[in-house]
Amino acid sequence: MSVIRELRSARELRAACGDDDLVMWAAQDLGGGGRAWALGDAVVAGCLGVSRRDRLGVWGGASSAVELVRHALGELGPSYRPFGERGLMREVSAKLDGLEESGAFSWMSLPGVVEAGGGGVGWLGGEAMTDVAADVAAEVAAEVAALLAADAPESYAVPGVAGVSRWAGVRVGGELAAVAADAWSAPTVGLMAGVATRARFRGRGLAERVCRWVSRELVAAYGRAALMVDDDNPAAITVYERIGYGRRLVLACHVAGVAGVAGVAG
682 MSVIRELRSA RELRAACGDD DLVMWAAQDL GGGGRAWALG DAVVAGCLGV
732 SRRDRLGVWG GASSAVELVR HALGELGPSY RPFGERGLMR EVSAKLDGLE
782 ESGAFSWMSL PGVVEAGGGG VGWLGGEAMT DVAADVAAEV AAEVAALLAA
832 DAPESYAVPG VAGVSRWAGV RVGGELAAVA ADAWSAPTVG LMAGVATRAR
882 FRGRGLAERV CRWVSRELVA AYGRAALMVD DDNPAAITVY ERIGYGRRLV
932 LACHVAGVAG VAGVAG
């Protein structure tokens, strides 16, 4: 009989899940708070406070995954939200009492090189906010925050939130026109979030230019890139697919009594 075993290193996790990018991302840094377990043909991995949720990535066969999700929730607590491929999670939620669906969305990943796009994009203030003077960092943060508040108020990534490490952007006439962030990245999966364009500059391809540039940077830094997007945003999905991202339909669940939120919130 198979026994649940805890995976103690990224190497063990990679071997167990076939280097699945969703699971590797959900684990974050196993040495820094993430935890993972394997049973039979399934793996789960999770970490506290990843993209504003306590997330548990689920991979593999449904029968073993049910037991792993039950075990992980017992170890980590009910705030964790299991998510994975849609069919798998529907089977898991159907077999686990008290586990309910939160929302369906898409996980998109990019394993290879990205073709260069238009110029004018760069990291705002420097490679990371910790690399620049406090007054410059504050100015950049305020500028990005103002754009998001006006034109992307539902963005999970905002300046100052733990895990949001750096912002890239492009300017038009000196004004910040479009942005995207390197946020909640794992050692081998860079996550792009906080994509937004100022309303009056939309339709010029600026978001694609910024996303293409950030994607190249993430692949160079982490080996691959990923993002999460709502299924009802076909324009964004088309842009990401044009850049080279592949799409997986996923589903997030939550423990009954811990409120679920639809969409990318998962």
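Count along the sequence shown from 1, then add 681; that gives the number in our numbering. For every residue, glycine included, the Cβ atom is placed at its ideal position computed from N, Cα and C.
- In the three-state reduction of the DSSP assignment, D702 falls in the helix class, which pools H, G and I.
- Spanning the alpha carbons of A843 and V910 requires a straight line of approximately 20 Å.
- From the listed residues V773, S783, L757 and S790, the smallest Cα separation to G727 is found for L757.
- Bridge pairing for L791: A906 [DSSP].
- Excluding the 5 residues flanking it on each side, M873 has same chain C-beta neighbours closer than 8 Å at A861, A862, D863, A864, C892, V895, S896, L899, A906, A907 and L908, in chain order.
- Burial state of T878 is buried, judged by a 10 Å Cβ sphere holding 16 or more other Cβ atoms.
- Take G730, set aside five residues on each side of it, and the residues of its chain with a beta-carbon closer than 8 Å to its own are A843 and G844, in chain order.
- Uninterrupted alpha helix (DSSP H) stretches at least 4 residues long and entirely within the stretch 792 to 880 occur at 815 to 832, given in chain order.
- Here Y926 carries a coil assignment [DSSP, helix/strand/coil].
- Ranked by how close their Cα comes to the Cα of R923, the residues Y903, L703, R852 and V795 have V795 in first place.
- For D735, DSSP records a beta bridge to Y761.
- Assigned with DSSP and collapsed to three states, L780 falls in strand.
- In the DSSP annotation of this structure, L711 is not part of any beta strand (DSSP E), being labelled neither H nor E.
- Taking 8 Å as the cut-off, the Cβ atoms of L828 and V839 do not count as close.
- Per DSSP, the unbroken beta strand (DSSP E) holding R686 starts and ends at R686 to L688.
- If you draw a straight line from the Cα of S744 to the Cα of H752, it comes to about 13 Å.
- The three-state secondary structure of G727, taken from DSSP, is strand.
- Each of P759, V920, Y837 and D913 was checked against the Cα of G884, and the nearest Cα belongs to V920.
- Annotated three-state conformation of G755 is helix, per DSSP.
- About 32 Å separates the beta carbon of W804 from that of G765, a gap too long to meet the 8 Å contact definition.
- For the pair S787 and W706, the Cα-to-Cα distance works out to about 15 Å.
- The criterion of a C-beta distance shorter than 8 Å is satisfied by A691 and P868.
- At the C-beta level, A785 and L769 stay beyond 8 Å of one another.
- If you draw a straight line from the Cα of P792 to the Cα of N914, it is about 22 Å long.
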